[in-house]
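The sequence shown begins at 180 in the working numbering and counts up one residue at a time.
Quick reminder that beta carbons are idealized off the backbone N, C-alpha and C, glycines included.
Take a look at the structure set out below.
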Amino acid sequence: MFGPQAVQDKVGADPTGLPFNSVIALELHGGKPLSPLVNAGAIATTSLINAENTEQRWQRILHIQQQLAGEQVALSDEVNQSEQTTNFHNRAIAWLLYSAGYLYCDAMEACDVYTRQCSTLINTIELATLGATLAAGGVNPLTHKRVLQANNVPYILAEMMMEGLYGRSGDWAYRVGLPGKSGVGGGILAVVPGVMGIAAFSPPAGRRRQQCSRSKNGGIGR
């Protein structure tokens, strides 16, 4: 099991100030991805999961997604198949990480599992539940089960504040002042620590994975 310090050493914990799929940060920092929330860092983080094979690695990720957001979270075979046949850029990122020594399993296995975790389906209530779990220090407010160690949650929220909206994270922090995360599918999440998660879904996302809508709904408190 890897803690926050290992993630900082092996992946990084700094904003890139660049698009989510940029390879420029890798070139500028000796192949280190800098943040777990950009593609390179997420692929590297996926490779850190202790697993004996691809399926075990994937099931561990899916299980934590379900614990965080709800048991209905599941892989979309249609989305996954589409992404697996077009993810050439992420494959290149995986090999760059591997060549620089910042990938900790087979490059294509890491890319495969990363693509699967990007292909799960989640609705607004489930996304808000995920945020509420973070707001409650790692305890899911609906199941009352501890999902994350309490001392790890501040590190997750710090990453969301620094890099959760990629190149617009600074603007988000200045205007909203809460840890947030956007996604290309149109979902956006904000966490009010100790209070609630706020989620909205309003596609289309912008070219930099920012949503066009400023509305917020689907809040779930502790």
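Legend entry - Proximity below 8 Å, CB of Ala-221 to CB of Tyr-281: By one-based count along the sequence shown, residue 221 stands at place 42. By one-based count along the sequence shown, residue 281 stands at place 102. Not closer than 8 Å, so no.
Legend entry - Local conformation of Ile-228 per DSSP, three classes: Position 49 of the sequence shown, counting from 1, holds the residue named residue 228. Note: Ile-228 maps to coil in three-state DSSP.
Inset, instruction - Mind reading off the beta-carbon distance from Pro-183 to Asn-331? Whole number of angstroms is fine, and I expect it under 8 Å. - result: The residue given as residue 183 occupies position 4 in the sequence shown. The residue given as residue 331 occupies position 152 in the sequence shown. Indeed, because the Cβ distance is near 6 Å, the residues count as touching under 8 Å.
Legend entry - Rounded straight-line distance, which links the Cα of Met-341 to that of Ser-278: By one-based count along the sequence shown, residue 278 stands at place 99. By one-based count along the sequence shown, residue 341 stands at place 162. Whole-angstrom Cα-Cα distance: 27 Å.
Legend entry - Nearest-angstrom Cβ-Cβ length linking Thr-402 and Gln-244, presumed shorter than 8 Å: Nothing about residue 402 can be reported from this structure: the residues present for the chain run from 180 to 401 only.
Inset, instruction - For the beta strand (DSSP E) holding Phe-380, just list the boundary residues, first then last. - result: As a working note, residue 380 is residue 201 in the sequence shown. Looking at the DSSP string, the run of the beta strand (DSSP E) that includes Phe-380 is 375–380.
Legend entry - Whole-angstrom distance between Pro-194 and Leu-357, CA atom to CA atom: Counting from 1 along the sequence shown, the entry for residue 357 is found at position 178. Counting from 1 along the sequence shown, the entry for residue 194 is found at position 15. Their backbone Cα atoms lie some 16 Å apart in a straight line.
Legend entry - Completely contained alpha helix (DSSP H) runs for the region 260–348, where each covers 4 or more residues: 267–279, 286–296, 303–314, 332–342
Inset, instruction - Within its chain, find whatever has a CB closer than 8 Å to the CB of Gly-408; leave out the 5 residues flanking it on each side and keep chain order. - result: Outside the shown range of the chain, which is 180 to 401, sits residue 408, and nothing can be said about it.
Inset, instruction - Tell me, please, whether the region 252–260 touches the region 316–336 by the rule of three or more beta-carbon pairs shorter than 8 Å. - result: no
Legend entry - Between the CA atoms of Leu-313 and Thr-322 - distance to the nearest angstrom: In the sequence shown, residue 322 corresponds to position 143, counting from 1. In the sequence shown, residue 313 corresponds to position 134, counting from 1. Between Thr-322 and Leu-313, the C-alpha separation is close to 14 Å.
Inset, instruction - Identify, in the order they occur along the chain, each residue of the same chain with its Cβ nearer than 8 Å to the Cβ of Ala-223, setting aside the five sequence neighbours on each side. - result: Translated into the one-based positions of the sequence shown, residue 223 becomes position 44. Within the same chain, Ala-223 has close Cβ partners Lys-189, Val-190, Pro-212, Pro-215, Leu-276, Tyr-281, Leu-282, Tyr-283, Ala-289.
Legend entry - Close-in-space but distant-in-sequence residues of the same chain around Phe-380 (CB under 6 Å, 5 per side omitted): Translated into the one-based positions of the sequence shown, residue 380 becomes position 201. Counting only Cβ-Cβ distances below 6 Å, and skipping sequence neighbours, we find Thr-303, Gly-365, Gly-366.
Inset, instruction - Determine the closest residue to His-268 out of Arg-354, Glu-206, Asn-200, Ala-253, with distance taken between C-alpha atoms. - result: Reading the sequence shown from its first residue, position 89 is the one you call residue 268. It is Asn-200.
Legend entry - Beta-carbon spacing of Met-339, Gly-362 below 8 Å: Taking the first residue of the sequence shown as 1, we reach residue 339 at position 160. Taking the first residue of the sequence shown as 1, we reach residue 362 at position 183. Cβ atoms of Met-339 and Gly-362: not closer than 8 Å.
Legend entry - Best match in Thr-265, His-242, Thr-264 for proximity to Leu-254 [C-alpha to C-alpha]: Counting from 1 along the sequence shown, the entry for residue 254 is found at position 75. The residue with the shortest Cα to Cα distance from Leu-254 is His-242.
Legend entry - Val-186 (DSSP reduced to helix, strand or coil): On the sequence shown, position 7 is the one that residue 186 refers to. Val-186 falls in the helix class under three-state DSSP.
Inset, instruction - May I have the straight-line CA-CA distance separating Asn-396 from Pro-320, to the nearest angstrom? - result: Here residue 396 is taken as the residue at index 217 of the sequence shown, counted from 1. Here residue 320 is taken as the residue at index 141 of the sequence shown, counted from 1. Only weak support is given to the placement of Asn-396: the predicted model assigns it a pLDDT of 41, under 50, and the value that follows is read from those uncertain coordinates. The straight-line gap from Cα to Cα measures roughly 17 Å.
Inset, instruction - Provide the residue(s) that pair with Ser-361 in DSSP beta bridges, ordered along the chain. - result: Against the sequence shown, residue 361 aligns to sequence position 182. Answer by DSSP bridge pairing, in chain order: Ile-367.
Legend entry - Run of the alpha helix (DSSP H) containing Ala-192, from where it starts to where it stops: Counting from 1 along the sequence shown, the entry for residue 192 is found at position 13. Counting along the chain, Ala-192 falls outside any alpha helix (DSSP H), and DSSP gives it neither H nor E.
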